[in-house]
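So for the sequence shown, my numbering puts the first residue at 45; every next one is plus one. Here is the structure we will look at.
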Amino acid sequence: MTATAINRSRIIGYTAACPEGSIGRIAEETNEVAEDFLVIEKGRWMFRTTYIVPQSTVRGVSHDHESVSFNLTLEQLEQMDSSPPVEGDPVSKGMDIVSS
Numbered sequence: 045m046t047a048t049a050i051n052r053s054r055i056i057g058y059t060a061a062c063p064e065g066s067i068g069r070i071a072e073e074t075n076e077v078a079e080d081f082l083v084i085e086k087g088r089w090m091f092r093t094t095y096i097v098p099q100s101t102v103r104g105v106s107h108d109h110e111s112v113s114f115n116l117t118l119e120q121l122e123q124m125d126s127s128p129p130v131e132g133d134p135v136s137k138g139m140d141i142v143s144s
């Protein structure tokens, strides 16, 4: 599967999974994130953490199980320099997402 084969609008709400299990859900699309990235939300409302991950880390998509599996462990996700976690909802708070 290539990164361009993923229809982001079709997988919104799908479970995001790593080898350890579920890591959250694929969040709604936002214009703040480039097309070759996905937004994963972990947690609920005030305690939500948002991760921006490259589509190249997707191992597979199961439409039957409504899940997206990633080639990242939870530890790798939390330590990725290219996708620092953004606390809360950056769009509703009016914050800019900036990659380093």
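Every residue, glycine too, gets a C-beta built ideally from N, C-alpha and C.
Specify, as a first and last residue, the run of the beta strand (DSSP E) that residue i falls within.
i      : result
Leu116 : Where Leu116 is concerned, there is no enclosing beta strand (DSSP E), given that its DSSP letter is neither H nor E.
Gly68  : 65 to 70
Tyr58  : Run containing Tyr58: none; DSSP gives neither H nor E here.
Phe81  : 81 to 86
Thr94  : 93 to 98
Please report the straight-line C-alpha distance between residue i and residue j, rounded to a whole angstrom.
i      : j      : result
Glu72  : Glu119 : 23 Å
His107 : Phe114 : 15 Å
Gly57  : Glu64  : 19 Å
Ala61  : Val112 : 6 Å
Gly104 : Arg92  : 24 Å
Ile96  : Asp80  : 10 Å
Ile84  : Thr101 : 12 Å
What do you get for residue i, buried or exposed, if any count of 16 or more other CB atoms within 10 angstroms of its CB means buried?
i      : result
Arg69  : buried
Ser126 : For Ser126, the predicted structure reports a pLDDT of 45, less than 50, and the residue's modelled location is therefore unreliable. A value from the coordinates is still provided. By the neighbour-count rule (16 or more Cβ atoms within 10 Å), Ser126 is not buried but exposed.
Gln123 : exposed
Thr117 : exposed
Taking residue i and residue j to be in contact with their CB atoms under 8 Å, please state how far apart those CB atoms are, rounded to whole angstroms.
i     : j     : result
Thr59 : Ser53 : Not a contact, Cβ separation roughly 17 Å.
Per DSSP, what are the beta-bridge partners of residue i in this structure?
i      : result
Ile50  : None, per the DSSP bridge assignment.
Ser106 : Ser111
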